[in-house]
Amino acid sequence: APEITAEQAQKAATEYAKQYLPGFTVKGTAPLTGMHMTMYQAELSGPGGETRILHINPWGNVMPFGGPATR
1024 APEITAEQAQ KAATEYAKQY LPGFTVKGTA PLTGMHMTMY QAELSGPGGE
1074 TRILHINPWG NVMPFGGPAT R
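First residue of the sequence shown? That's 1024 in this note's numbering, and the numbers climb one at a time after it.
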């Protein structure tokens, strides 16, 4: 299967947030390179100013990364 694009990673993160993190919005995605394939990291912001990080693997699977954080 071909690797996902940045747009597909953004869409996957947005759909994940809608389902599992209501009230959170995706602020942006960035590629994580250096491995054999590109993964993406998405930064989400919540209604109370909290931040969550998601990783999206090359096949579009979304994985939470770390716990909730505030800035």
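C-beta atoms are modelled at their ideal positions from N, C-alpha and C, and glycine is treated no differently. Keep in mind it's a predicted model, so treat the numbers as computed, not measured.
The shortest C-alpha to C-alpha distance from glutamate 1026 to any of Ala1092, Asn1084 and Pro1091 is the one to Asn1084.
Counting only the Cα atoms, leucine 1067 lies some 6 Å from threonine 1074.
Taking the Cα of alanine 1032 as reference, the smallest distance to any Cα among His1078, Pro1091 and Phe1088 is reached at His1078. As the crow flies, the alpha-carbon of methionine 1086 is around 8 Å from that of asparagine 1080. For secondary structure counted as the alpha helix (DSSP H) over 4 or more consecutive residues, the segment 1028-1072 holds these complete runs in sequence order: 1029-1043.
A direct Cα-Cα distance of roughly 31 Å separates glycine 1071 from tryptophan 1082.
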